[in-house]
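Asks:
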Amino acid sequence: MTKYITHALFSLLLLAVSSVAYSAETVTDSETVLSDNIRRAIITDSIVKREPASDLSNTSISTDVSKVYLFTEVIGKAGTMITHRWFLDGKLEAEVVLKIGGNRWRTNSSKTLDPTMHLGSWQVEVVDEKNHAIALVNFNYGE
C-alpha cells in the first residue's frame, strides 16, 4: 500500500513540475499577463510566419527601428474582440481592435515610429470586450 501511495505522490509531483515548466515556456518575463486567455504578448520588430522574430519588450529600442508590432497569442476566446492600446508617455496614441477567430489565435497590431515624434516610454495595453486589461507590455524608444 505504501508503494502505491509513494508512486501516486511522485506522479502528482511530476505533474506539478510539468505544469510549472509549461507556464514558464509560454509566458516570458518581459510581459505582464493578467488573464489566463493570453499566452504571449510580445513587442517585436517583425513577424515571420505568424510568430515574433524577436522579443523587444521591456527594452530600449534604437531609433534605427521604424516599426514595431505587438504580437498577441490568445487562447479560448474565439469570436470575441481584443483591443491594443498604444500609449506614449501615458498619452493614448493609437487603438486597434482585433477579432479573435479561433480558440488559439495569433494576432498583431503595429506602430510606425518616428524619432522626431515618438521618443519616450511606451506601453501597449491589451483589453478585452469588457474593457478589462488582460496584458501590458512596455518598451522605450530611443532612450
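Going left to right, the sequence shown walks through residues -23 to -1, 1 to 120 as mature numbering (1 follows the signal peptide of the UniProt record, and there is no 0) numbers them. Note that beta-carbon positions come from the ideal geometry of N, C-alpha and C, so glycine has one too. What you are looking at is a predicted structure, and each value in this text was computed from that prediction instead of being measured.
Under three-state DSSP, which class holds residue 97?
Replies: In this structure, residue 97 counts as strand in the three-state DSSP scheme.
Asks: What three-state label does DSSP hand residue 12 in the structure shown?
Replies: DSSP places residue 12 in coil when its eight states are reduced to three.
Asks: Do three or more CB pairs link the stretch 95 to 115 to the stretch 62 to 70 at distances below 8 angstroms?
Replies: Yes: at least three Cβ pairs fall under 8 angstroms.
Asks: Express the C-alpha separation of residue 9 and residue 55 in angstroms, rounding to a whole number.
Replies: Each residue's Cα considered, the two are about 22 angstroms apart.
Asks: Would you mind sorting residue 76 into buried or exposed? The rule is 16 or more other CB atoms within 10 Å of its CB.
Replies: Exposed is the call here.
Asks: Mind listing, in chain order, the continuous beta strand (DSSP E) runs of no fewer than 3 residues lying wholly within the stretch 23 to 97?
Replies: Those beta strand (DSSP E) runs which fall completely within the stretch 23 to 97 and span 3+ residues are 44 to 52, 58 to 65, 68 to 76, 81 to 89.
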